[in-house]
Amino acid sequence: MTCEAKFVYSDQFTKYRFREGHPFNQLRVTLAYELLKTSNAIDDNHLIPPRVATEEELRLIHDPKYIQAVKLASEGKLTEDEGFPYGIGTEDTPMFAHMHEAASLLVGGSLTAVDAVMKGEVKHSLNLGGGLHHGFQQKASGFCIYNDGAVAIEYIRKHYDAKVLYVDTDAHHGDGVQWAFYDDPNVCTLSIHETGRYLFPGTGNVNERGIKEGYGYSFNIPVDAFTEDESFLQVYEEALREIMHYFKPDVIVTQNGADAHVLDPLTHLCCTMNIFEHIPKLAHELAHEYCDGKWIALGGGGYDIWRVVPRAWAQIWKVMTSNTPFSGELPLEWTTKWQEQAPVTLPDNWNDPANMYKAIPRKEEITEKNEKALEKALQFVQLKYNSPNSGI
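Structure (C-alpha cells):
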C-alpha cells in the first residue's frame, strides 16, 4: 500500500505534563495512537519520530529572553515572581521539570511533519502532540509554552517560501498564531471558536482582520455557546470554501482541537463526533483541490481525554489515509485495556448516541447569530469579489 501520510509519534510526548490533575494531559495522544493500532489503521511504516526543535528554530517566533526563562524554569532556577511576566508559573501554565525539553519536542514534531510534506515525501502529515496555539512571542498562555503551529508556519515561510492557510477549529480562539502573522499577507488564519464572551482567551472577534499588508488575511468566526453540529459545520464549510478560493494557499496547516464536543469540561459548545468526521474530510478535499494535497494537521485542545479526544483525532488519520471516517463499534481490545484506567465509562462506538444531551431551546437564535457572524467575517472577501478591479 502506498503511504500518502506520515504520523509523527513518540511516547515522550507525555513528558509535557504540568502536574497531576491538570486538564492538559498528553496521554490522549497515546490513546488516539493505540486506538488507530487496534483498528488496524496504522503500522510502523506510517510512523516518523519527532526531532527536538533547536533554539534557533524556536527563535523564529519566540524571544531569546523568553526561551532563557523557560530553560531556567525547566531547571528549577526561576522563581514564580521571575516567571510571572513570562506567563510561567501560573495556574494555567505551571512550571515543571524539563519543560523546555518537553515543549521543544512538541515543536520539533510539527517541524518534522512540515518537512515530510514540503519535501514531497508524503501528501499529508499529522502531529497530534502539537497545536499549542496560545503561546506568544514572549509569554506562555493557556497551557502552551512554545507555539509549535506558529513556529512551523514561519519555518515554512523561511525554508519553502510557501503561502500558508492556517485553519483552527479548536473551541478556543487561535490567538497566538493569529497575532504572530497579523501583518503578513502570505499567511492567512481562520479561527472558528466559541465566542470570547464566555471563554478564554476572550479574543477572536470578527473585526480582527489583520493590519498593514496583512489586513484581510485574518478571519474569525466566534460561534455562540451551545452551538450544535449543523450550525458549526455550516459555518466551517462556507468559510473554508470561500477563504480557500480567496487566498489560494500552497499548503494548509490545521489545528484540530477536540474541545467543541458537548462532553468537554472546559467549553460550552454542544457538538458531537459528527463534526470530527466532517472537519478533516473538507480539509482533505480542499488540500487536494488547491494545494496538490499538502496538508499538515496538528492536535490542540480537548479535555475529555477518554471519551472524545481519541475518537476525534483517530478520524483525522483515517480521513488522511482513506478519505473515509471510521464507523461502527470501537475495537474491544482498546476499550478493555483502557477501561481499567479510565475514570468514566468508555464509548463502544465511533459515533455518539442520538439524544445524548437535552434539546437546546435557543437553537434557532443561536443558528441565526452564527450566520450573522459568518456573514460579517466574510464581508471583506465578498467586497473583493465584487470589486471591479479584483480580477477574481
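Per the working numbering, residue 127 is the first one in the sequence shown, and the count goes up by one each step.
For every residue, glycine included, the Cβ atom is placed at its ideal position computed from N, Cα and C.
Note that this is a predicted model, so its numbers are computed, not measured.
Proximal residues to Gln508 (C-beta, below 7 Å), its chain only, five neighbours per side dropped = Along the sequence shown, one-based indexing puts residue 508 at 382. There are no such residues.
request  = Output the residue ranges of the beta strand (DSSP E) runs that lie fully inside the stretch 246-273 and measure 3 residues or longer, sorted by chain position.
outcome  = 250-253
inquiry  = Which of the three DSSP states is assigned to Leu395 in this structure?
reply    = Counting from one through the sequence shown, the residue named residue 395 turns up at place 269. Leu395: coil per DSSP, three-state reduction.
ask   = Which residues does DSSP pair with Lys132 in a beta bridge?
value = Numbered from 1 along the sequence shown, position 6 holds the residue referred to as residue 132. Beta-bridge pairing links Lys132 to Ser251.
inquiry  = Between which two residues does the beta strand (DSSP E) holding Val290 run?
reply    = As a working note, residue 290 is residue 164 in the sequence shown. Segment Val290 to Asp294, the beta strand (DSSP E) holding Val290.
task = Give the range of the alpha helix (DSSP H) segment to which Ile369 is assigned.
result = Walking along the sequence shown from the start, residue 369 turns up at place 243. First-last of the alpha helix (DSSP H) with Ile369: Asp355 to Phe373.
Cβ separation of Ala158 and Leu254, assumed to be a contact under 8 Å, to the nearest whole Å = The residue labelled residue 158 in the question sits at position 32 within the sequence shown. The residue labelled residue 254 in the question sits at position 128 within the sequence shown. Rounded, the Cβ-Cβ distance is 6 Å, consistent with contact.
Reduced DSSP secondary structure (H/G/I, E/B, other) of Ser453 = In the sequence shown, residue 453 corresponds to position 327, counting from 1. Ser453 falls in the coil class under three-state DSSP.
message = Quick check: what's the CA-CA separation for Asp310 versus Gly336?
response = By one-based count along the sequence shown, residue 310 stands at place 184. By one-based count along the sequence shown, residue 336 stands at place 210. Whole-angstrom Cα-Cα distance: 8 Å.
Bounding residues of the alpha helix (DSSP H) (the contiguous stretch that carries Val470) = Your numbering for residue 470 matches position 344 in the sequence shown. Counting along the chain, Val470 falls outside any alpha helix (DSSP H), and DSSP gives it neither H nor E.
query = With a CB to CB cut of under 8 Å and the five nearest residues on each side skipped, what residues in its chain are close to Thr128?
reply = For this step, residue 128 is matched to residue 2 along the sequence shown. For Thr128, the predicted model reports a pLDDT of 39, less than 50, meaning its position is unreliable; a value from the coordinates is still stated below. Taken in chain order, the list of residues that qualify is empty.
For Gln152, the three-state DSSP class (helix, strand or coil) = Here residue 152 corresponds to residue number 26 of the sequence shown, with the count starting at 1. Gln152: coil per DSSP, three-state reduction.
query = Going by C-alpha distance, which of Glu497, Lys265, Leu316 and Gly257 is nearest Asp274?
reply = The residue labelled residue 274 in the question sits at position 148 within the sequence shown. Among Glu497, Lys265, Leu316 and Gly257, the Cα nearest to that of Asp274 belongs to Gly257.
query = Considering only residues of the stretch 196-249, which uninterrupted alpha helix (DSSP H) runs meet the minimum length of 4 residues and lie entirely inside it, listed in chain order?
reply = 206-209 and 225-244
task = Just grab the DSSP bridge partners of Asn475 for me.
result = Within the sequence shown, the letter at position 349 stands for residue 475. DSSP output for Asn475 lists Glu455 as bridge partner(s).
query = Would you call the stretch 312-322 and the stretch 365-385 touching, i.e. three or more CB-CB distances under 8 Å?
reply = yes
query = In terms of residue numbering, what span does the alpha helix (DSSP H) encompassing Ile492 cover?
reply = Along the sequence shown, read from residue 1 onward, the residue named residue 492 stands at position 366. Looking at the DSSP string, the run of the alpha helix (DSSP H) that includes Ile492 is Lys489 to Ala503.
request  = Please check the pair His172 and Lys132, which I expect to be a contact at CB under 8 Å, by giving their CB distance rounded to whole angstroms.
outcome  = Mapped onto the sequence shown, residue 172 falls at position 46. Mapped onto the sequence shown, residue 132 falls at position 6. Contact holds; Cβ gap of about 6 Å.
ask   = Would you call Val470 buried or exposed, if buried means 16 or more other Cβ atoms sit within 10 Å of its Cβ?
value = Taking the first residue of the sequence shown as 1, we reach residue 470 at position 344. Exposed, by the Cβ-count rule.
inquiry  = Below 8 Å, how does it come out for the stretch 291-305 and the stretch 453-464: are there three or more Cβ pairs, yes or no?
reply    = no
ask   = Taking just the CA atoms, how far does Arg154 sit from Pro436?
value = Reading the sequence shown from its first residue, position 310 is the one you call residue 436. Reading the sequence shown from its first residue, position 28 is the one you call residue 154. If I take the Cα positions, the gap works out to 6 Å.
ask   = Secondary structure at Ser448, three-state DSSP: helix, strand or coil?
value = Your numbering for residue 448 matches position 322 in the sequence shown. Correct three-state label for Ser448: helix.
task = Hey, could you find the ends of the beta strand (DSSP E) Glu320 is sitting in?
result = Here residue 320 is taken as the residue at index 194 of the sequence shown, counted from 1. From DSSP, the beta strand (DSSP E) with Glu320 extends over Val313 to Glu320.
Nearest to Trp305 (by Cα), restricted to the options Tyr343, Tyr281, Phe326 and His285 = Taking the sequence shown and counting its residues from 1, one reaches residue 305 at position 179. For Trp305, the nearest C-alpha among the options comes from Tyr343.
ask   = Taking C-alpha atoms, which residue in Tyr341, Ala351, Thr398 and His410 lies nearest to Glu363?
value = Locating residue 363 in the sequence shown gives position 237, counting from the first residue. Of Tyr341, Ala351, Thr398 and His410, the residue nearest in Cα terms is His410.
inquiry  = Just verifying my parser: in three-state terms, what is the DSSP assignment at His188?
reply    = For the purposes of this step, residue 188 is identified with residue 62 of the sequence shown, where counting begins at 1. His188: coil per DSSP, three-state reduction.
key: Beta-carbon proximity check, Pro175 vs Ser236, cutoff 8 Å   = By one-based count along the sequence shown, residue 175 stands at place 49. By one-based count along the sequence shown, residue 236 stands at place 110. No. Outside cutoff.
query = Exposed or buried, what is Asn475 when buried is set at 16 or more other beta-carbons lying within 10 Å of its beta-carbon?
reply = Sequence index remark: in the sequence shown, residue 475 carries index 349 (1-based). The residue in question, Asn475, is exposed, as its Cβ has fewer than 16 Cβ neighbours within 10 Å.
ask   = Is the stretch 235-251 close to the stretch 391-404, with three or more CB pairs under 8 Å?
value = no
ask   = Buried or exposed: which applies to Tyr341, given that a residue is buried once 16 or more other Cβ atoms fall within 10 Å of its Cβ?
value = For the purposes of this step, residue 341 is identified with residue 215 of the sequence shown, where counting begins at 1. Exposed.
key: As assigned by DSSP and simplified to three states, the class of Ala423   = Along the sequence shown, one-based indexing puts residue 423 at 297. Of the three classes helix, strand and coil, the one that applies to Ala423 here is strand, per DSSP.
query = Can you check whether the CB of Phe352 is closer than 8 Å to the CB of Ile486?
reply = Here residue 486 refers to the residue found at position 360 of the sequence shown. Here residue 352 refers to the residue found at position 226 of the sequence shown. Cβ atoms of Ile486 and Phe352: closer than 8 Å.
ask   = When you compare each of Asp478, Cys417, Glu459 and Lys407 to Asn449 by their alpha carbons, which one comes out closest?
value = By 1-based counting over the sequence shown, the position of residue 449 is 323. The option with the nearest alpha carbon to Asn449 is Lys407.
request  = Just tell me which of Lys502, Pro149 and Glu183 has its CA closest to the CA of Asn346.
outcome  = As a working mapping, residue 346 is identified with position 220 in the sequence shown. Here the closest residue by C-alpha is Lys502.
query = Using a Cβ-Cβ cut-off of 7 Å (strictly less than) and excluding sequence neighbours within five positions of Arg145, which residues of its own chain qualify?
reply = For the purposes of this step, residue 145 is taken as the residue at position 19 of the sequence shown. Around Arg145: Pro220 and Phe222.
request  = For my contact list, His226 and Ser200 are in at a C-beta cut-off of 8 Å; report their separation, rounded to the angstrom.
outcome  = As a position in the sequence shown, residue 226 is number 100, starting the count at 1. As a position in the sequence shown, residue 200 is number 74, starting the count at 1. Correct: roughly 4 Å between the Cβ atoms.
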